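Student: Let me give you the structure first, and then I'll get to my questions.
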Amino acid sequence: MSQILKTTSVGSFPKPAQLVEARIRFRKGEISRAQLAEAERNATKAVIQLQEDLGIDILVHGEMERGDMVAYFAETWQGFEESLPVRSYGNRYYRKPIVVGTVGAKRGLTVDSWRQAQALTKKPVKGMLTGPYTICDWSFNAFYPDRRSLILDLAAIVHEEALALQEAGAHYIQIDEPAISTRPEELDLAIEAMAVVTDGLTAHTISHICYGDFETIYPRLLDLPVDQLDLEAANQGFQLLDLIQAYQWPKQKELALGVVDVHSHSLESVAAVKQGIYKALETVPADRLYIDPDCGLKTRTWEESEGKLRLMMEAVNEVRQELGSS
Amino acid sequence: MKIAVQGSYPKIPSGAGASVRTQIQRFDRGVGSPKDLDQTYREATRRMLNLADEVGLDLTTDGQIRWNDLFDPIVRDVDNVYSEGLLRLFDNNFYYRHPVIRGRLAFQGGTLRYWSEQSVAMSKVPLKVALPGPFTFMGLSEDQSYHQSDRLLQDLLAVLKLERESLAGIGVAEVQWDEPSLSRDRALDKGYVKEVLATLTAEASLPQSVALFWGQGAHAWLEALADLPLRTVYLDAVADPAVIPALAETEWPFAVGVGAIDARNVRLESPSDLARQLEPIIRRQGNDRVILHPTSGLELLPPDRAEAKVRRLAEVRAAVLGTTKS
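Protein chains in written order, with our numbering: chain A, 86 to 411; chain B, 4 to 329.
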């Protein structure tokens with residue numbers, strides 16, 4: 086593995102056409118769960134293979150079994166009801182869960198998919214979870230008297246899931262909290278909930294945050310009890326780095342920097358990506374700076390995703406070379 | 004008491020019927036034609052307007068079925084404004100393409116007028132058009148050209164006025180200026196806000212209103228708005244419960260909109276509870292000067308729940324009639 090500028094992905098990959106078709110047929114009752122699982126396994130193989138081919142260091146399984154990062158958990162956990170789709174932007178919709186009772190879960194929902202992906206590669210595959218703050222924020226609460234009680238109940242469930250991944254052998258566990266900047270006044274609550282989730286974990290913990298109004302939560306965000314913050318930056322022309330540079334980057338923290346916009350069809354230039362990396366290196370040492378796309382790639386086509394990752398690797402490899410570390 | 008809706012409405016049906024989502028997918032795959040897509044927009048708009056008629060709304064929007072987000076018509080109708088990266092819309096799990104200003108604003112017009120003409124022709128209920136107000140536009144856009152907010156504001160007010168006037172003579176009943184930014188920012192100088200809105204609302208050919216939602220400061224602006232030529236001020240009474248006493252205790256020179264139906268939670272309000280809340284407001288303002296409405300556009304809800312909220316408006320009105328008769 087490279088010593089500096091380790092590369093990774095945030096989580097989701099686009100679903101291949103065969104899997105999209107299988108998911109539709111499963112919903113219609115035309116194929117069994119086992120047949121759907123087979124299609125998911127095949128798609129996961131392709132995701133792992135692509136990352137291996139590109140030379141990415143820390144892999145993701147691509148979330149082929151998940152439709153949406155919150156709904157996936159809510160579909161299985163107790164206390165949730167599924168809704169009809171709600172638009173999140175453009176022509177993207179998600180089934181926003183409705184909390185209708187006390188939330189609860191059987192441990193280990195995510196373990197099988199992680200195990201299957203890890204078995205396909207010698208490189209580490211991240212265990213992928215959604216954080217309690219985001220699950221609450223992206224659900225309708227029609228049961229709990231307040232957000233705090235729901236968030237802390239969810240934190241206890243996510244903690245158990247993280248422990249299950251760790252026990253299964255995951256060295257990297259990512260707990261996504263894209264909603265964390267939604268209400269700056271609740272940042273302390275989000276931090277408290279993350280402390281519940283990561284309590285006692287020995288695995289490397291990561292939290293991915295995007296669409297952030299980071300100005301409102303920085304530098305307090307640095308207190309989020311995870312080893313690595315994974316932040317989008319390309320979406321707004323790396324303006325985030327101006328904010329990061331205004332403060333000392335903590336010695337114990339790693340930064341994963343998003344360098345390609347996952348909501349744009351157009352491909353960035355290698356020069357622009359390198360410029361972002363070099364700017365980040367002014368604040369964060371190369372051994373604690375990771376490089377990845379801004380967010381999950383599921384909204385892009387397979388070709389676009391491959392193109393963006395390939396370009397990211399090209400930029401990283403050039404910077405590594407220029408720093409004498411290839 | 005009157006009843007109305009505010010802005011957006013789901014673009015997909017709760018059961019069978021025209022789905023903008025599906026048609027855009029077909030269009031993107033090259034299966035559906037531009038004509039098919041246009042037809043679907045019309046049918047989805049008609050569905051929303053028929054619901055408004057069936058329920059007995061006194062005033063409606065067209066559900067903004069053709070809009071990507073609240074800035075869409077401005078981006079289409081004003082030169083040198085571009086839709087760029089996705090950003091979270093306040094504290095919602097909804098993302099807008101933030102407008103970027105790359106040159107002097109120049110009004111071209113045409114799109115919103117065309118869309119609104121179609122909707123007016125389809126609607127049996129008086130139709131209003133909601134537009135982003137200047138504070139919300141300034142707050143959520145990015146200026147890469149003016150670098151002087153005074154000059155930008157001056158031109159912005161001019162193009163917004165031209166957009167409003169482009170809707171004259173086609174049967175639009177009201178232009179509503181949406182100002183969620185104001186609701187969330189009580190610190191702005193009241194004299195300045197009054198001056199800006201006075202400029203915006205002057206020389207109008209159409210009745211105008213202001214909608215304040217998603218913030219705890221909506222009630223704080225009532226006094227500043229009192230001297231402006233506004234037919235109605237709509238206030239979110241869910242995010243800002245202080246709206247209820249502010250409307251019950253003081254008679255205002257404009258009609259008051261009481262946003263007591265939560266457009267961001269599926270939980271249905273109790274008609275009798277709301278009737279009790281509304282009774283002192285109606286007593287103070289007069290029966291024909293109170294409008295019950297959802298806190299904001301209903302597109303943040305699944306389509307079945309959005310429809311239930313529209314129907315709930317009529318149920319609350321019936322309960323109010325019962326209360327005020329007894």
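Just so it is clear, CB atoms sit at the ideal spot from N, CA and C, and this is done for glycine as well.
These numbers come from a predicted model, not from an experiment.
#1: Just how far apart, CA to CA, sit residue 172 (chain B) and residue 117 (chain B)?
#2: How would you list, in chain order, the residues of chain B whose beta-carbon sits under 8 Å from the beta-carbon of residue 264 (chain A)?
#3: Residue 348 (chain A) touches chain B at which residues, Cβ-Cβ below 8 Å?
#4: To the nearest whole angstrom, what separates the beta carbons of residue 78 (chain B) and residue 109 (chain B), a pair I think is in contact under 8 Å?
#5: Around the C-beta of residue 96 (chain B), are 16 or more other C-beta atoms found within 10 angstroms, so that it is buried, or is it exposed?
#6: So, are the CB atoms of residue 14 (chain B) and residue 29 (chain B) less than 8 Å apart?
#7: Measure the alpha-carbon distance for residue 322 (chain B) versus residue 278 (chain B) and round it to whole angstroms.
#8: Use the C-beta contact count for residue 151 (chain B): other C-beta atoms within 10 angstroms, 16 or more gives buried, fewer gives exposed.
#9: Taking only beta-carbon atoms, is residue 174 (chain A) less than 8 Å away from chain B?
#10: At a Cβ cut of 8 Å, what residues of the stretch 282-297 of chain B count as close to chain A, listed as they run along the chain?
#11: Can you confirm whether the stretch 191-198 of chain A touches the stretch 215-227 of chain A when touching is taken to mean that 3 or more C-beta pairs between the two stretches lie within less than 8 Å?
#12: For chain A, find out if any of its Cβ atoms is closer than 8 Å to the Cβ of residue 34 (chain B); answer yes or no.
#13: Flag this pair as yes or no: are the beta carbons of residue 184 (chain A) and residue 163 (chain A) separated by less than 8 Å?
#14: Can you tell me which of A:401, A:368 and A:363 puts its alpha carbon nearest to the alpha carbon of residue 377 (chain A)?
#15: Mapping the DSSP letters down to three states, classify residue 179 (chain A) as helix, strand or coil.
#16: Between which residues of its own chain and residue 248 (chain A) is the CB-CB distance below 8 Å, once the five residues before and five after are set aside?
#17: Nearest by alpha-carbon distance to residue 70 (chain B): which of B:185, B:61 and B:11 is it?
#18: From the beta carbon of residue 307 (chain B), is the nearest beta carbon of chain A less than 8 Å away?
#19: Mapping the DSSP letters down to three states, classify residue 170 (chain A) as helix, strand or coil.
#20: Can you grab the Cα-Cα spacing for the pair residue 251 (chain A) / residue 174 (chain A), in whole Å?
#21: Could you list the residues in the stretch 9-21 of chain B with a C-beta less than 8 Å from some C-beta on chain A, going in chain order?
#22: Report yes if the CB atom of residue 381 (chain A) is closer than 8 Å to the CB atom of residue 96 (chain A), and no otherwise.
#23: I'd like to know whether the C-beta atoms of residue 290 (chain A) and residue 265 (chain A) end up nearer to each other than 8 Å.
#24: If you follow the beta strand (DSSP E) that residue 215 (chain A) is in, where does it begin and where does it stop?
#25: Does the structure place the stretch 238-257 of chain B close enough to the stretch 41-59 of chain B that three or more beta carbon pairs sit under 8 Å?
#26: Please identify the residue among A:391, A:208, A:211 and A:261 whose C-alpha is closest to the C-alpha of residue 293 (chain A).
#27: List, in order along the chain, the chain B residues whose C-beta lies closer than 7 Å to that of residue 225 (chain A)?
#28: Does the stretch 252-264 of chain B come close enough to the stretch 274-289 of chain B that 3 or more CB-CB pairs lie under 8 Å?
#29: Rounded to the nearest angstrom, what separates residue 429 (chain A) and residue 394 (chain A) at their Cα positions?
#30: Looking at the unbroken alpha helix (DSSP H) that takes in residue 137 (chain B), where does it start and where does it end?
#31: Can you find at least 3 beta carbon pairs, one from the stretch 119-129 of chain A and one from the stretch 97-109 of chain A, that sit closer than 8 Å?
#32: What span of residues does the alpha helix (DSSP H) with residue 100 (chain B) cover, start to end?
Tutor: Working from what's here:
#1: Within the second sequence, residue 172 (chain B) is the residue found at index 169, counting from 1. Within the second sequence, residue 117 (chain B) is the residue found at index 114, counting from 1. Taking the straight line from one Cα to the other gives about 12 Å.
#2: On the first sequence, residue 264 (chain A) is found 179 positions in, with the first residue counted as 1. Within 8 Å Cβ-Cβ: 96.
#3: Counting from one through the first sequence, the residue named residue 348 (chain A) turns up at place 263. Listed along the chain, the chain B residues whose CB falls inside 8 Å of the CB of residue 348 (chain A) are 88 and 89.
#4: Indexing the second sequence from 1 puts residue 78 (chain B) at position 75. Indexing the second sequence from 1 puts residue 109 (chain B) at position 106. That pair is no contact at about 13 Å.
#5: The sequence position of residue 96 (chain B) within the second sequence is 93, counting from 1. So residue 96 (chain B) counts as buried.
#6: Taking the first residue of the second sequence as position 1, residue 14 (chain B) is located at position 11. Taking the first residue of the second sequence as position 1, residue 29 (chain B) is located at position 26. Cβ distance not < 8 Å, so residue 14 (chain B) and residue 29 (chain B) don't count as in contact.
#7: On the second sequence, position 319 is the one that residue 322 (chain B) refers to. On the second sequence, position 275 is the one that residue 278 (chain B) refers to. C-alpha separation (whole angstroms): 6 Å.
#8: Along the second sequence, read from residue 1 onward, the residue named residue 151 (chain B) stands at position 148. Of the residues assessed, residue 151 (chain B) falls on the exposed side of the cut-off, its CB having fewer than 16 other CB atoms within 10 angstroms.
#9: Looking up residue 174 (chain A) in the first sequence gives position 89. Yes, residue 174 (chain A) counts as interfacial toward chain B.
#10: none
#11: Of all C-beta pairs linking the stretch 215-227 of chain A to the stretch 191-198 of chain A, fewer than three are shorter than 8 Å, placing the two stretches out of contact.
#12: Here the question's residue 34 (chain B) lines up with position 31 in the second sequence. No, because no Cβ of chain A sits closer than 8 Å to the Cβ of residue 34 (chain B).
#13: For this step, residue 184 (chain A) is matched to residue 99 along the first sequence. For this step, residue 163 (chain A) is matched to residue 78 along the first sequence. Result no, Cβ atoms of residue 184 (chain A) and residue 163 (chain A) do not sit closer than 8 Å.
#14: Counting from one through the first sequence, the residue named residue 377 (chain A) turns up at place 292. Comparing Cα-Cα distances from residue 377 (chain A) to each of A:401, A:368 and A:363, the minimum goes to A:401.
#15: Within the first sequence, residue 179 (chain A) is the residue found at index 94, counting from 1. If DSSP states are grouped into helix, strand and coil, residue 179 (chain A) belongs with the strands.
#16: On the first sequence, position 163 is the one that residue 248 (chain A) refers to. For residue 248 (chain A), where only same-chain residues beyond five positions count, the Cβ hits under 8 Å are 192, 285 and 286.
#17: If you number the second sequence from 1, residue 70 (chain B) lands on position 67. Scanning B:185, B:61 and B:11 for the CA closest to the CA of residue 70 (chain B) turns up B:11.
#18: If you number the second sequence from 1, residue 307 (chain B) lands on position 304. Judged by the 8 Å Cβ criterion, residue 307 (chain B) is in contact with chain A.
#19: Against the first sequence, residue 170 (chain A) aligns to sequence position 85. Strand at residue 170 (chain A).
#20: Looking up residue 251 (chain A) in the first sequence gives position 166. Looking up residue 174 (chain A) in the first sequence gives position 89. One Cα belongs to residue 251 (chain A), the other to residue 174 (chain A), and the distance between them is close to 34 Å.
#21: 13, 14, 15 and 17
#22: Counted from its first residue, the first sequence places residue 381 (chain A) at position 296. Counted from its first residue, the first sequence places residue 96 (chain A) at position 11. In contact: residue 381 (chain A) and residue 96 (chain A) (Cβ atoms closer than 8 Å).
#23: In the first sequence, the residue the question calls residue 290 (chain A) occupies position 205. In the first sequence, the residue the question calls residue 265 (chain A) occupies position 180. Going by C-beta atoms, residue 290 (chain A) is not nearer than 8 Å to residue 265 (chain A).
#24: Here the question's residue 215 (chain A) lines up with position 130 in the first sequence. Element bounds for residue 215 (chain A): 212-215.
#25: At 8 Å Cβ cutoff, the stretches do not touch.
#26: Position 208 of the first sequence, counted from the start, is the residue given in the question as residue 293 (chain A). Comparing Cα-Cα distances from residue 293 (chain A) to each of A:391, A:208, A:211 and A:261, the minimum goes to A:261.
#27: On the first sequence, residue 225 (chain A) is found 140 positions in, with the first residue counted as 1. Neighbours of residue 225 (chain A) on chain B, chain order: 268 and 269.
#28: yes
#29: Any answer about residue 429 (chain A) is impossible in this case: the structure gives chain A only from 86 up to 411.
#30: Here residue 137 (chain B) refers to the residue found at position 134 when the second sequence is read from its first residue. Counting along the chain, the alpha helix (DSSP H) containing residue 137 (chain B) begins and ends at 137-143.
#31: Touching, yes.
#32: In the second sequence, the residue the question calls residue 100 (chain B) occupies position 97. Residue 100 (chain B) -> not in any alpha helix (DSSP H); beta strand (DSSP E) instead, spanning 98-110.
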